[in-house]
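Residue numbers (the UniProt record's numbering): 1 to 205.
Backbone N, C-alpha and C define an ideal beta-carbon position, used for all residues, glycine too.
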């Protein structure tokens, strides 16, 4: 689809199709300057769909479509995760599931570390975060974008800002982990910011 054919995303209510408070906060902060009024899926009592896609984009699209269908409003969904080179890209699209039913990312980070250690003493620490954003409208129109940042994993985790695996991820060119970084700086440089910049260029700017 060309930029000329893209659907514009104007001011008004937009459902953030996530029950993850950290993601909702970050997406809300990114949308704020554009006159868009984010409404969380949780506040509308929308269900969380089973993520049956095999890619970040596919999972973001199915979440956005469901939220738009049920709410009658445009909806934005995020699917993101940590991909570790030494683990052949895991946890990848299963990043949230590694935290278990309790959403315990302390446990998930320990699991990543333990599995890396089990690969042997020569494992690398390279990793990257991926964020896929999908925007769906109630009439079925859909736009998708993907962002990425590269870095290394540190142990033990550092910092209590951010969420998920942020405290063990140090982005290339930065001395702080995402867990230590000022939220405004993370919003500027993260994988979610990369995907959002592409969204803005096509749908808002």
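>> Please report the distance separating the alpha-carbon of residue 8 from that of residue 21.
In response: Pairing residue 8 with residue 21, the inter-Cα distance amounts to about 26 Å.
> Going straight from the alpha carbon of residue 58 to that of residue 143, what length do you get?
Replying inline: 12 Å
>> Would residue 159 and residue 146 be called neighbours here (beta carbons separated by less than 8 Å)?
In response: no
> Relative to the alpha-carbon of residue 64, which residue among 93, 78, 100 and 56 has its alpha-carbon at the smallest distance?
Replying inline: 78
> Is the beta carbon of residue 87 less than 8 Å from the beta carbon of residue 129?
Replying inline: no
>> At the level of alpha carbons, what is the spacing between residue 18 and residue 154?
In response: 28 Å
>> Taking its Cβ as the centre, do 16 or more other Cβ atoms sit within 10 Å of residue 43, making it buried, or is it exposed?
In response: exposed
>> Which runs of the beta strand (DSSP E) at least 3 residues long sit entirely within the stretch 10 to 83? Give them in chain order.
In response: 12 to 16 and 36 to 40
>> If you measure between the beta carbons of residue 109 and residue 167, is that distance less than 8 Å?
In response: yes
>> Between 134, 100, 39 and 50, which has its C-alpha nearest residue 202's C-alpha?
In response: 134
> With burial defined as no fewer than 16 other Cβ atoms inside 10 Å of the residue's Cβ, what is the status of residue 107: buried or exposed?
Replying inline: exposed
> Where do the ends of the alpha helix (DSSP H) carrying residue 199 lie?
Replying inline: Segment 191 to 199, the alpha helix (DSSP H) holding residue 199.
>> Within 10 Å of its beta-carbon, does residue 141 have 16 or more other beta-carbons around it, so buried, or fewer, so exposed?
In response: exposed
> Near residue 186, what residues of its chain come up, given a Cβ to Cβ distance below 7 Å and the 5 sequence neighbours on each side ignored?
Replying inline: 162 and 178
>> I believe residue 30 touches residue 193 by the beta-carbon criterion, under 8 Å. Please report the beta-carbon distance rounded to the nearest angstrom.
In response: 7 Å
> Counting along the chain, where does the alpha helix (DSSP H) carrying residue 117 start and finish?
Replying inline: Where residue 117 is concerned, the enclosing alpha helix (DSSP H) stretches over 105 to 118.
> Which class does residue 166 belong to by DSSP, given the choice of helix, strand or coil?
Replying inline: helix
> Quick one: what does DSSP say residue 178 is sitting in, helix, strand or coil?
Replying inline: The three-state reading of DSSP puts residue 178 in coil, since its state is none of H, G, I, E or B.
> Among the residues of its own chain, which have a CB less than 6 Å from the CB of residue 24, if the five just before and after it don't count?
Replying inline: 16, 18 and 40
>> Taking the alpha-carbon of residue 127 as reference, which of 172, 103 and 136 has the nearest alpha-carbon?
In response: 172
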